[in-house]
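> Residue 580 in the numbering used here sits at position 53 of the sequence shown, with consecutive numbering throughout.
For every residue, glycine included, the Cβ atom is placed at its ideal position computed from N, Cα and C.
Keep in mind the model is a prediction, meaning the values are calculated, not measured.
What follows is a single structure, and I will ask about it in a moment.
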Amino acid sequence: MSVPSSGTVAGHGQTSLPRPGSVPRWLTAEIVRQTPVYAGLAKLWTERARTVPGVADPEWQRLVSYRALMEETEIALTALRPHRAPDVLPPRRPVPAARPARLEA
């Protein structure tokens, strides 16, 4: 499974997600010079696909997405009414995929 490059946050549109191994944009040379320990930790966390302060978390983006909401709703409705699940659930429609983020130079 590939790592998404962007995601949709409920009510906030497209949000770029960090790629594993990339350095966050806000980590400038000046910040690295002033705070080498924190800059090193931020780089390490990014390489390991961990949460970095100030950077969107891919797992959280996935959990709050419309797709996850629809999947969880369908599972819950099926569990609540297993004998009537096909009658209660609307026909399944494909959920549109997230649009790729535009790379800014």
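Using the three-state DSSP reduction, which class does G581 fall into: helix, strand or coil?
Numbered from 1 along the sequence shown, position 54 holds the residue referred to as residue 581. Looking at G581 - three-state DSSP - the assignment turns out to be coil, as it is neither helix nor strand.
> What number of angstroms, rounded off, separates the C-alpha of A576 from the C-alpha of T600?
Residue mapping note: residue 576 aligns to position 49 of the sequence shown, counting from 1. Residue mapping note: residue 600 aligns to position 73 of the sequence shown, counting from 1. Answer to the nearest angstrom: the Cα atoms are 28 Å apart.
> Look at the alpha carbon of R620 and the alpha carbon of L596, and state the distance between them as a whole number of angstroms.
Looking up residue 620 in the sequence shown gives position 93. Looking up residue 596 in the sequence shown gives position 69. Looking at the two C-alpha atoms, the distance is approximately 14 Å.
> Evaluate A606 with the Cβ neighbour count: other Cβ atoms within 10 Å of its Cβ, from every protein chain shown; 16 or more gives buried, anything less gives exposed.
As a working mapping, residue 606 is identified with position 79 in the sequence shown. A606 is exposed by the Cβ-count criterion.
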